[in-house]
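Top line first, the protein sequences correspond to chains V and C. Using the working numbering, you'd call the opening residue of the first sequence number 194 and step up by one each time. Using the working numbering, you'd call the opening residue of the second sequence number 321 and step up by one each time. In this text, a Cβ means the ideal position worked out from N, Cα and C, and glycines have one as well.
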Amino acid sequence: MVPILEMRGITKTFPGVKALDNVTLAVMPGEIHALVGENGAGKSTLMKVLSGVYPHGSYDGEILFEGQPARFQGIHDSEAKGIIIIHQELALVPLLSIAENIFLGNEITRHGMIDWPETFRRTGALLKKVGLNEAPQARIDSLGVGKQQLVEIAKALSKKVKLLILDEPTAALQENDSATLLNLLLEFKAQGITSILISHKLNEISRVADRLTVLRDGATVSGMERSDITEARIIHDMVGRDMANRYPHRAPEIGETLLTVNDWCVFHPVHPDRQVITNACLSVKRGEVVGIAGLMGAGRTEFAMSLFGRSWGQKISGAVTLGGKQVELMNVPQAIRAGLAYVTEDRKALGLILDESILRNTSMANLQGVSSGGVIDANRERKVAEDYREVLGTRTPSVFQKTVNLSGGNQQKVVLAKWLFTDPQVLILDEPTRGIDVGAKFEIYSIVNQLAGQGRGVILISSEMPELLGMCDRIYVMNKGTFVGELTKEEASQERIMEIIMSAETSWPEHAKAGSV
Amino acid sequence: MSGKSSVGAYLKNNMRQYGMLLALVAIMIFFQFMTDGTLMKPVNLTNLFLQNSYIVIMALGMLLVIVSGHIDLSVGSVVGFTGGLAAVLIVNQHWNPLLVAVVCLGTGALIGAAQGYWVAYWRIPSFIVTLAGMLVFRGATLWLLNGQSVGPFPKEFQLISTGFVPDLLPFIGTVFGMKQFNGIAFVLGVALAGGIIGLAVRARKRAATYGMVDEPFSFFVGKNGIIAVAIIYISFLLATYRGLPNVLITMAILIVAYMFVTNSTVVGRRIYAIGGNEKAAKLSGINTNRLVFLSFANMGLLAGLAGLIFAARLNTATPKAGVSFELDVIAAVFIGGASMSGGVGSIVGAVVGAFIMGVMNNGMSILGIGIDYQQVIKGLVLLAAVIFDVYNKSKSH
Ligand SMILES: Nc1ncnc2c1ncn2[C@@H]1O[C@H](COP(=O)(O)OP(=O)(O)OP(=O)(O)O)[C@@H](O)[C@H]1O
Ligand SMILES: [Mg+2]
Numbered sequence: 194m195v196p197i198l199e200m201r202g203i204t205k206t207f208p209g210v211k212a213l214d215n216v217t218l219a220v221m222p223g224e225i226h227a228l229v230g231e232n233g234a235g236k237s238t239l240m241k242v243l244s245g246v247y248p249h250g251s252y253d254g255e256i257l258f259e260g261q262p263a264r265f266q267g268i269h270d271s272e273a274k275g276i277i278i279i280h281q282e283l284a285l286v287p288l289l290s291i292a293e294n295i296f297l298g299n300e301i302t303r304h305g306m307i308d309w310p311e312t313f314r315r316t317g318a319l320l321k322k323v324g325l326n327e328a329p330q331a332r333i334d335s336l337g338v339g340k341q342q343l344v345e346i347a348k349a350l351s352k353k354v355k356l357l358i359l360d361e362p363t364a365a366l367q368e369n370d371s372a373t374l375l376n377l378l379l380e381f382k383a384q385g386i387t388s389i390l391i392s393h394k395l396n397e398i399s400r401v402a403d404r405l406t407v408l409r410d411g412a413t414v415s416g417m418e419r420s421d422i423t424e425a426r427i428i429h430d431m432v433g434r435d436m437a438n439r440y441p442h443r444a445p446e447i448g449e450t451l452l453t454v455n456d457w458c459v460f461h462p463v464h465p466d467r468q469v470i471t472n473a474c475l476s477v478k479r480g481e482v483v484g485i486a487g488l489m490g491a492g493r494t495e496f497a498m499s500l501f502g503r504s505w506g507q508k509i510s511g512a513v514t515l516g517g518k519q520v521e522l523m524n525v526p527q528a529i530r531a532g533l534a535y536v537t538e539d540r541k542a543l544g545l546i547l548d549e550s551i552l553r554n555t556s557m558a559n560l561q562g563v564s565s566g567g568v569i570d571a572n573r574e575r576k577v578a579e580d581y582r583e584v585l586g587t588r589t590p591s592v593f594q595k596t597v598n599l600s601g602g603n604q605q606k607v608v609l610a611k612w613l614f615t616d617p618q619v620l621i622l623d624e625p626t627r628g629i630d631v632g633a634k635f636e637i638y639s640i641v642n643q644l645a646g647q648g649r650g651v652i653l654i655s656s657e658m659p660e661l662l663g664m665c666d667r668i669y670v671m672n673k674g675t676f677v678g679e680l681t682k683e684e685a686s687q688e689r690i691m692e693i694i695m696s697a698e699t700s701w702p703e704h705a706k707a708g709s710v
Numbered sequence: 321m322s323g324k325s326s327v328g329a330y331l332k333n334n335m336r337q338y339g340m341l342l343a344l345v346a347i348m349i350f351f352q353f354m355t356d357g358t359l360m361k362p363v364n365l366t367n368l369f370l371q372n373s374y375i376v377i378m379a380l381g382m383l384l385v386i387v388s389g390h391i392d393l394s395v396g397s398v399v400g401f402t403g404g405l406a407a408v409l410i411v412n413q414h415w416n417p418l419l420v421a422v423v424c425l426g427t428g429a430l431i432g433a434a435q436g437y438w439v440a441y442w443r444i445p446s447f448i449v450t451l452a453g454m455l456v457f458r459g460a461t462l463w464l465l466n467g468q469s470v471g472p473f474p475k476e477f478q479l480i481s482t483g484f485v486p487d488l489l490p491f492i493g494t495v496f497g498m499k500q501f502n503g504i505a506f507v508l509g510v511a512l513a514g515g516i517i518g519l520a521v522r523a524r525k526r527a528a529t530y531g532m533v534d535e536p537f538s539f540f541v542g543k544n545g546i547i548a549v550a551i552i553y554i555s556f557l558l559a560t561y562r563g564l565p566n567v568l569i570t571m572a573i574l575i576v577a578y579m580f581v582t583n584s585t586v587v588g589r590r591i592y593a594i595g596g597n598e599k600a601a602k603l604s605g606i607n608t609n610r611l612v613f614l615s616f617a618n619m620g621l622l623a624g625l626a627g628l629i630f631a632a633r634l635n636t637a638t639p640k641a642g643v644s645f646e647l648d649v650i651a652a653v654f655i656g657g658a659s660m661s662g663g664v665g666s667i668v669g670a671v672v673g674a675f676i677m678g679v680m681n682n683g684m685s686i687l688g689i690g691i692d693y694q695q696v697i698k699g700l701v702l703l704a705a706v707i708f709d710v711y712n713k714s715k716s717h
């Protein structure tokens, strides 16, 4: 069989970085081809080369699509050939409807005017194909990420697609949404559509991939057939060594209680009569890693952000003690001074100033720490940034690099550095490993363990249950804005957590309604 | 890395910074040549500073506003209003000029604060708030002045703008063997140049102790050498005329102060952070509302100062004073490399941008080019500068 796609000797350099170095990739017709590698290995860059985001001439090497040399000048050229890419960052317009988004740039017109009936009809058909039960007129911002991802796929299907590229489509999805999406891919495969799937979730890859290519530091290191694919082998090739454990070992030394939160109640910022968090109580001890499990929409982020200086919601009530003393956390500066730090789940929108350097992002939450009398000491600031780069192993040519140019894992390390530099007593980590490769995950877990070892408290919010089970000394289960269960490390298991969530799902609604009126 | 390639790489990375400065120098040389040397004649040079002082001063405040992600369209009207207020109080009401100056500065700050209040705490887009302010204060100026020009001002008030620093060191002229030579202007120029070099050397030494020097030595010497020579040369030229205009001193102090604030202080850094990503800044413990509010109040204060200087310079307050100044000020900031979406820009850039506009105004006027062509050319220069910026940025990606 001849490959539908061959990329040969692709080399792409950015100022100071060789992102791709002589990469080869061959994809067979009708297969699901997985592309894996650490953060910054060059996966997204390779796909941008393929789809013409980086036009022909800005890279070296050659691309053959269906046996023909392809020299795309832009994304239009590649789409015309049937190569459709869904980027790592969703590219939907939040205030437009599903139908408008799907046909954006490709509007169906009659006599120069948009043919709405036909647009809605075709959108309806596409939504059925991807199994999304929403009206074509529904606005994008009314949908969750999982459904938005399906809209992206419907959009891809609206074009004549031969090769579908998905760059980390499931990074922000819950397990069941991910499963829906992967099943869809398998269905497309049955219809003869070839796909390239980039993901850091190795279990998904071993489930659906027919073949896979591993990239490391911008070079192809290996390829595997379906029969040889095992998670251990993938990891070995990705990081270049064996990893015996996914979670670093820690001997917990748990001390006295550090943080307590009592009867925490929060209302929605826009709808003041909608209660989002109801009487949540939680405690964290010194040296303890406490997890919060729950489904998407359970209110975990809302709980954390409202706690962190009332950054979310209104009409907030409840009592907080830190180190045995009652504290008021009316705004973020107060929360930081009290010793709280919150690492957001959305590092691009809420964590980083993307156009600023690593250096400036690192010092942002603690400028007092690098200044005296309101004047910043540039050398001290640089020293701090360099030190954190070294301690956290951030991979970058220099601390003056803009954070927008870093890969996901390295961006996360910069956000971590920012908060570590505030010297927090309690660190709240919200989905800290989303979109991050196994190696970097391990490094971040090690940092978490180190922090706990120093007698700090860590709250870990995660949608990945293995991560919670592997890292936490105690796990709270959240459902519909309150804690419905608490498990010790020994008691906790995936099944127990799901059981608690399910029984809460069925028993809670009446009560929650009553509480919200 | 070889020395040569590192110089090249450094230049490439800092193209932004040097590009505009080179453009200013090129424009000056061009007009110097075209006007047969009139541009750099001491009397014209003095004029150039006087003419542009209020634009430069307002560009300092506008830079902060634009960096924080906003815009202030009202500054031209505020110039008119504060100038008018000064005229009414001094000429008609016979108040003490010093007191009036304080009142006018306060009024400017208050106007800025009022607008900043809506922008920062009510989240009304600054474009709209200050567009309203532009109309309101233009109207208020007309009302205040009854539609007429009010003047002239007493001598003391005019000194704000047309006064010169008295020569405390007249003997220096005799050293040079020149009859008319303002010693203090030259000495201050040399001292400033020396100070800049001293500070630069100190900063480089300190950086070296951390092992963190990236500017190639040749660049370091070249850049500071050129700056020092330029300052000394300009102060020499000024000395051969009437010395240092008071306004130049005010302007220089303000420029240095704002450079310091934006480059080295916590407040300055936070304003950049707000423009870069307001939500992230807020979650990092930055009081974003207060800083936006303050940057507008500060803009108003500087507009008030510009209003005083402008009225003193014309020696009368007219209802039309300051019309379309906001455009020159905003253009200066963008020519200087600030970004429309906030978070990017520098004081040096804004000042250079203001002087690019100023030198072109001045040069074209000397050449007798009509106001029609002048506007067209200035517009094109603004566009070209921003295109240059965008092009540079896309190339480095
Ligand atoms: N515009 C750019 N300018 C400079 N460097 C860049 C740019 N885009 C990417 N890079 C660098 O190229 C390398 C490859 O990045 P790429 O985004 O392809 O990685 P990735 O494998 O997709 O990582 P992730 O899993 O985090 O998405 C990284 O080192 C990154 O910092
Ligand atoms: Mg990527």
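1. Of the choices C:G493, C:G657, C:G595 and C:R522, whose alpha-carbon is the least far from that of M335 (chain C)?
2. Taking D360 (chain V) as the query, report the chain C residues whose CB atoms sit under 9 Å from its CB, ordered along the chain.
3. Kindly indicate which three-state DSSP category N416 (chain C) falls into: helix, strand or coil?
4. With contact counted as at least three CB pairs below 8 Å, one residue from each stretch, are the segment 246-258 of chain V and the segment 201-213 of chain V in contact?
5. Say yes only if the C-beta of S237 (chain V) is nearer than 8 Å to one or more non-hydrogen atoms of ligand 1, and no if none qualify.
6. For the alpha helix (DSSP H) that K274 (chain V) lies in, which residues bound it at each end?
7. Beta-carbon of G323 (chain C) versus every beta-carbon of chain V: anything under 9 Å?
8. Using 9 Å as the threshold, is the C-beta distance between I291 (chain V) and Q330 (chain V) below it?
9. When Cβ atoms are compared, which residues of the segment 469-484 of chain V fall closer than 9 Å to chain C?
10. For G502 (chain V), decide whether its Cβ has a neighbour in chain C, counting only Cβ atoms nearer than 9 Å.
11. When Cβ atoms are compared, which residues of the segment 601-619 of chain C fall closer than 8 Å to chain B?
12. Going by DSSP, what residue range makes up the alpha helix (DSSP H) through K611 (chain V)?
13. What does the Cβ neighbour count give for S716 (chain V), buried or exposed, with the cut at 16 atoms within 10 Å?
14. How is the alpha helix (DSSP H) around G448 (chain V) delimited, first residue to last?
15. Assign N672 (chain V) to one of three DSSP states: helix, strand, or coil.
16. Would you check if the distance between the CB atom of A631 (chain C) and the CB atom of A406 (chain C) is smaller than 9 Å?
17. Please report the distance separating the alpha-carbon of I591 (chain C) from that of I569 (chain V).
18. Keeping to the same chain, check which residues put their C-beta closer than 7 Å to that of E495 (chain V); ignore five residues upstream and five downstream.
19. For the candidate residues V:G480, V:E481, V:G517 and V:S476, whose alpha-carbon lies nearest to that of A497 (chain V)?
20. Are any of the Cβ atoms in chain V nearer than 9 Å to that of V586 (chain C)?
21. Is any heavy atom of ligand 2 found at a distance shorter than 8 Å from the C-beta of E345 (chain V)?
22. By DSSP, does G250 (chain V) sit in helix, in strand, or in coil?
23. By Cβ distance below 8 Å, which residues in the same chain neighbour M194 (chain V) in space, the five residues on each side in sequence not counted?
24. Using the Cα positions of G665 (chain C) and G690 (chain C), report the straight-line distance between them to the nearest angstrom.
25. Cα separation between R503 (chain V) and N524 (chain V)?
26. Between the segment 618-643 of chain C and chain V, which residues of the former have a C-beta closer than 9 Å to a C-beta of the latter?
27. What residue range does the alpha helix (DSSP H) around I389 (chain V) cover?
28. What number of angstroms, rounded off, separates the C-alpha of Q352 (chain C) from the C-alpha of T358 (chain C)?
29. Could you work out which residues of chain V lie near V664 (chain C), taking near to mean beta carbons separated by less than 8 Å?
30. For Y592 (chain C) and chain V, any beta-carbon pair shorter than 9 Å?
31. Does A558 (chain V) come out as helix, strand or coil in the three-state DSSP assignment?
32. Here's the rule: buried if 16 or more other CB atoms are within 10 angstroms of the residue's CB, otherwise exposed. What is D456 (chain V)?
33. What is the rounded straight-line gap between the Cα of G385 (chain V) and the Cα of D403 (chain V)?
34. Given a cut-off of 9 Å, decide if K478 (chain V) and G646 (chain V) are closer than it, judged by their beta-carbon atoms.
35. Give the single residue among V:M658, V:E259 and V:Q561 whose Cα lies nearest to the Cα of L488 (chain V).
36. Could you name the residues of chain V that R562 (chain C) contacts, counting a contact when the two beta carbons are closer than 7 Å?
Well, looking at it:
1. C:G657
2. Residues of chain C passing the Cβ test: none, with the nearest at roughly 18 Å.
3. coil
4. yes
5. yes
6. First-last for K274 (chain V): undefined, no H or E at that position.
7. Low confidence applies here, because G323 (chain C) scores a pLDDT of 40, under 50, leaving its location unreliable; read the following figure in that light. Output row for G323 (chain C): interface = no.
8. yes
9. none
10. yes
11. Annotation note: the requested chain B is absent from the structure, which comprises protein chains V and C.
12. G601 to L613
13. Residue 716 (chain V) is absent from the model: chain V starts at 194 and stops at 710.
14. Run containing G448 (chain V): none; DSSP gives neither H nor E here.
15. strand
16. yes
17. 14 Å
18. V459, V469, I470, W505 and G506
19. V:S476
20. yes
21. no
22. coil
23. M221 and P222
24. 32 Å
25. 6 Å
26. none
27. Where I389 (chain V) is concerned, there is no enclosing alpha helix (DSSP H), although the beta strand (DSSP E) it sits in stretches over T387 to I391.
28. 6 Å
29. D548
30. yes
31. helix
32. exposed
33. 13 Å
34. no
35. V:M658
36. None at all; the shortest Cβ gap to chain V is about 37 Å.
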